[in-house]
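Which chain is which? The protein sequence lines are R and P, in order.
Counting from 1, position 362 in the first sequence corresponds to residue 362 in the UniProt record's numbering; the numbering is continuous, with no gaps.
Counting from 1, position 393 in the second sequence corresponds to residue 393 in the UniProt record's numbering; the numbering is continuous, with no gaps.
By construction, the Cβ of each residue, glycine as well, lies at the ideal position given by its N, Cα and C atoms.
Report on the structure given below.
Protein chains: 2
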Amino acid sequence: MRPDPSVPETVRLARAGLSRLLEPGDLPGTLLPAVLGPVAALEIAAGRRPVGAAEHAAYTRAAAEAGLPPRQASLGRALERWAGRAAALEPAADLARVRACGGWFAVPEDPDWPAALADLGAAAPLGLWGRGDRALLGFPASRAVSVVGARDCSHYGRRVALDLAGALAARGWTVVSGGAYGIDEAAHGAALATGTARPPTVSVMAGGVDRFYPRGNAQLLARVAESGLLLSEIAPGGTPGRFRFLQRNRLIAALSSGTVVVEARWRSGALSTAHHADALSRPVGAVPGGVQTGTSAGCHRLVREGTAVLVTDVDEVLELLQPFGAAPAPEPEAPAADVDGLHEPDRRLLDALPLRARSRPERLARVAGLSAREVLGGLRRLEERGLAEGTGEGWRRR
Amino acid sequence: MRPDPSVPETVRLARAGLSRLLEPGDLPGTLLPAVLGPVAALEIAAGRRPVGAAEHAAYTRAAAEAGLPPRQASLGRALERWAGRAAALEPAADLARVRACGGWFAVPEDPDWPAALADLGAAAPLGLWGRGDRALLGFPASRAVSVVGARDCSHYGRRVALDLAGALAARGWTVVSGGAYGIDEAAHGAALATGTARPPTVSVMAGGVDRFYPRGNAQLLARVAESGLLLSEIAPGGTPGRFRFLQRNRLIAALSSGTVVVEARWRSGALSTAHHADALSRPVGAVPGGVQTGTSAGCHRLVREGTAVLVTDVDEVLELLQPFGAAPAPEPEAPAADVDGLHEPDRRLLDALPLRARSRPERLARVAGLSAREVLGGLRRLEERGLAEGTGEGWRRR
């Protein structure tokens with residue numbers, strides 16, 4: 001889908017400007033376009049004209065409704081904050097820059113704007129810079145799952161991420177992740193390899209999409225941009241910083257119907273994605289691991305704190321994502337025990353049967369503590385199941 | 001504590017006889033002594049005299065109160081069941097046999113009978129055959145923890161069992177387990193090595209205490225009998241069978257204030273101990289592990305089904321056992337991140353600071369999207385924390 005031609009270029013330019021002016025999560029900066037429209041919002045935010053009295057009243061009302069504390073809502077303080085970047089705004093150049101690398105800039109006014117982002121409310125992004133087939137942007141969050149975890153993952157974590165993301169992708173789920181080393185990398189890679197959804201995988205970056213970051217993943221991210229989507233709310237050239245990583249995580253959480261943390265230490269950025277998903281009432285799964293190395297301590301913490309459900313395989317993840325839409329996870333295949341379905345007296349009789357020697361019913365009754373009737377009936381039932389065999393000399397286990 | 005001399009020898013003999021006559025969990029057989037006293041109960045159960053009309057009425061009332069279905073409650077059927085073993089009863093010989101190996105037979109009438117067993121109600125054992133210092137029998141369940149798990153445990157499971165049981169024992173907890181290979185073995189061994197409680201460890205057997213079973217654990221069990229306690233409700237000479245293992249697990253659960261499953265496959269006897277503990281409203285913990293080998297699938301199942309709380313170390317186990325009596329588990333020690341305690345604008349400022357080159361405040365304001373006031377205040381705060389350093393040429397990270 002191409003951007004809607006009915007969206008005026010002024011709107012796209014204004015939002016591109018706002019996207020460079022404002023840091024993610026700057027709520028006054030998000031409220032302003034929501035209340036006054038993006039064009040007026042940029043004029044005011046960039047200090048090109050003063051805010052009108054009616055505009056200020058409308059903004060103040062919206063800020064109060066959004067629950068912003070007065071200090072944080074103050075437009076005066078916000079304008080001071082924005083002034084430093086206002087002079088250097090060149091939204092047309094930014095748009096040209098993203099187009100130069102085959103990308104685009106989507107705005108909430110576009111018909112293919114991901115509907116799931118609305119759940120972020122005032123924290124929704126001002127726009128999305130993207131690379132990849134624009135027709136894929138409207139992918140449904142209801143068939144997308146976020147798979148995230150530690151950068152410095154263990155061999156075990158990588159293995160689980162490959163298996164889990166690969167299995168989800170093979171079943172038609174879009175795998176959303178953050179493009180980082182470790183678990184993210186494995187999740188994207190597995191989805192590219194086995195994915196059947198369009199897009200098979202989506203990588204949400206913490207910096208501009210014009211650069212592949214981290215550089216070691218450049219090849220992987222180029223493949224994501226080719227077959228899937230690379231998205232960011234940061235304008236081209238923007239560098240990723242810790243704060244932007246944390247904000248970015250809310251987009252990963254919002255663009256999917258649930259988040260699985262594959263491996264994470266006690267302190268891990270992946271936990272922030274889990275908490276964002278939880279705050280959005282999207283289910284969170286966490287994969288357990290060994291307790292002695294600490295590499296899964298963050299996953300265990302999420303389970304202990306009740307944020308996440310413990311998940312061990314793709315079926316359990318699907319049960320989490322579609323609690324009403326899918327069949328419950330099947331029990332793992334385990335060889336049925338030979339005592340399944342036997343009632344207690346028969347189990348005791350089976351316990352009492354010798355393996356090699358043979359035992360007469362009278363003796364079995366004494367050993368098992370059963371009546372003669374129970375023993376005779378039980379031997380017949382065990383024989384039918386092929387668990388006992390009797391001759392004139394007595395009975396034994398088979 | 002020696003057995004109370006005021007308990008008549010006839011009572012001990014009668015209970016010893018009942019203990020050989022009846023299989024664990026045979027509810028009519030447990031109700032009979034509860035209603036009529038052990039001496040009359042043995043006379044009737046062994047078929048030495050018929051049950052009186054008043055006795056039968058009292059028994060029937062008790063069976064109804066205990067919720068036994070009529071078929072299961074039928075005394076006639078029970079007598080048929082018991083007849084096979086009745087002829088061979090030699091309780092005096094059984095008592096001599098246990099004494100010959102330095103053991104004893106405790107009965108509920110003894111003042112040192114473990115009070116916690118009362119929680120089993122009608123399923124309480126008829127008596128306990130034991131080895132070890134009889135003075136230790138009254139150990140408090142409130143300072144005992146059951147540590148159980150798979151026989152065919154992994155290297156990981158054994159390691160965790162050693163660590164966990166060792167740490168619990170070192171903090172004065174009595175470690176209760178089942179004496180089996182694998183996790184049980186590790187739990188007993190660690191408790192013997194580091195335990196400070198008396199007894200440091202208690203092993204509840206599924207067969208008679210006169211024999212060490214399994215034979216490969218004979219040396220370990222001999223040490224348990226020497227420093228701790230070996231207990232069983234099965235009369236001397238009794239062989240362990242699958243049914244008896246499952247029944248035995250209710251005693252492990254009842255004799256402690258909580259149960260920890262260290263490692264268990266999807267189907268594992270250790271899960272039955274967990275379910276018994278849960279049924280007794282005693283907390284259950286389960287240690288997670290890798291998801292790819294299936295060796296911890298039973299633990300994960302307990303957590304997913306809500307039976308167990310996920311636990312990863314001794315502090316979390318203690319928090320489970322003493323939810324009100326102990327301090328909550330401390331957060332694992334992790335190096336404090338340098339951004340801890342910084343508010344958002346300062347974190348963004350820190351992200352914006354170059355590592356090698358130097359940056360002037362005006363530029364930092366633009367890069368971080370902050371006002372001049374925020375940048376100057378922030379640089380001062382970062383400098384105080386040793387995170388930034390400034391000269392006439394500008395600022396950088398330290």
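Item: The region 280 to 297 of chain P: positions lying closer than 9 Å to chain R by Cβ; Value: V287, P288, G289, G290, V291, Q292, G294, S296, A297
Item: Spatially closest choice to L27 (chain P) from P:A73, P:A41, P:S19, by CA coordinates; Value: P:A73
Item: Exposure of H343 (chain P), with buried meaning 16 or more beta-carbon neighbours within 10 Å; Value: exposed
Item: Interface flag, H300 (chain R) vs chain C, CB-CB below 8 Å; Value: This model lacks chain C altogether, as its protein chains are R and P.
Item: Any chain R beta carbon closer than 8 Å to S272 (chain P); Value: no
Item: Residues that D94 (chain R) contacts on chain P, provided the C-beta gap is smaller than 8 Å; Value: Within 8 Å Cβ-Cβ: nothing; D94 (chain R) doesn't reach chain P, min ~15 Å.
Item: Exposure label - H155 (chain P); buried when at least 16 CB within 10 Å; Value: exposed
Item: Residue 467 (chain R), DSSP secondary structure in three states; Value: Outside the modelled stretch of chain R, which goes from 1 to 398, sits residue 467 (chain R), for which no answer is possible.
Item: For A150 (chain P) and W266 (chain P), the rounded distance between their alpha carbons; Value: 10 Å
Item: Stretch pair the region 375 to 386 of chain P + the region 273 to 282 of chain R: three plus CB contacts closer than 8 Å; Value: no
Item: Rounded distance between the beta-carbons of R304 (chain P) and V242 (chain R), thought under 8 Å; Value: Residue identity check: residue 242 (chain R) is Arg in the sequence provided, not Val. Actually they do not touch by this definition, with Cβ atoms about 34 Å apart.
Item: Spatial distance of R397 (chain R) from L310 (chain P) (CA atoms); Value: 40 Å
Item: Alpha-carbon to alpha-carbon, V375 (chain P) and W395 (chain P); Value: 11 Å
Item: Distance between W104 (chain R) and A16 (chain R) (C-alpha atoms, nearest Å); Value: 11 Å
Item: Simplified DSSP assignment, three categories, for V367 (chain P); Value: helix
Item: C-alpha distance - V160 (chain R) paired with A41 (chain R), whole-angstrom precision; Value: 46 Å
Item: Between the CA atoms of A352 (chain P) and G238 (chain R) - distance to the nearest angstrom; Value: 11 Å
Item: Segment contact, 8 Å Cβ cut-off, at least three pairs: the region 250 to 269 of chain R with the region 114 to 121 of chain R; Value: yes
Item: At least 3 beta-carbon pairs within less than 8 Å: the region 131 to 148 of chain R vs the region 168 to 176 of chain R; Value: yes
Item: Own chain residues within Cβ distance below 6 Å of V35 (chain R), not counting five before or after; Value: A58, Y59, A62
Item: A218 (chain R), enclosing beta strand (DSSP E) - first and last residue; Value: That residue, A218 (chain R), is in no beta strand (DSSP E); its alpha helix (DSSP H) goes 218 to 227.
Item: Other residues of its chain near P354 (chain R): CB distance less than 6 Å, five sequence neighbours each side excluded; Value: R396
Item: Nearest-angstrom beta carbon gap, L136 (chain P) and residue 456 (chain P) [assumed within contact, 8 Å]; Value: Coverage of chain P is limited to positions 1 through 398, which leaves residue 456 (chain P) absent and any answer about it impossible.
Item: Burial state of R71 (chain R) (16 or more Cβ within 10 Å); Value: exposed
Item: A308 (chain R): CB within 7 Å of a non-hydrogen atom of the ligand MG; Value: As far as ligands go, the structure on display features none, and thus does not contain the ligand MG.
Item: Residue-chain proximity (Y59 (chain R), chain P), Cβ-Cβ < 8 Å; Value: no
Item: DSSP bridge partner residues for V202 (chain R) (one or two, in chain order); Value: R:V176, R:L229
Item: Start-to-end residues for the beta strand (DSSP E) that takes in L128 (chain R); Value: 128 to 131
Item: Near-chain R residues of the region 365 to 381 of chain P - C-beta to any C-beta below 9 Å; Value: A365, R366, V367, A368, G369, L370, S371, A372, R373, E374, V375
Item: Assigned exposure category for G298 (chain P) - 16 Cβ within 10 Å defines buried; Value: buried
Item: Simplified DSSP assignment, three categories, for S359 (chain P); Value: strand
Item: Residue-level contact to chain P via CB, E109 (chain R), 8 Å cutoff; Value: no
Item: Of the residues R:R20, R:V39, R:E80, R:A54, the one placed nearest V7 (chain R), counting alpha carbons only; Value: R:V39
Item: Reference R134 (chain P), options P:R158, P:A124, P:G102, closest by Cα; Value: P:G102
Item: Residue closest to P288 (chain P), alpha-carbon to alpha-carbon, out of P:D278, P:F139, P:D313, P:V11; Value: P:D313
Item: The beta strand (DSSP E) enclosing G238 (chain P), as first and last residue numbers; Value: Here G238 (chain P) belongs to no beta strand (DSSP E), and DSSP marks it neither H nor E.
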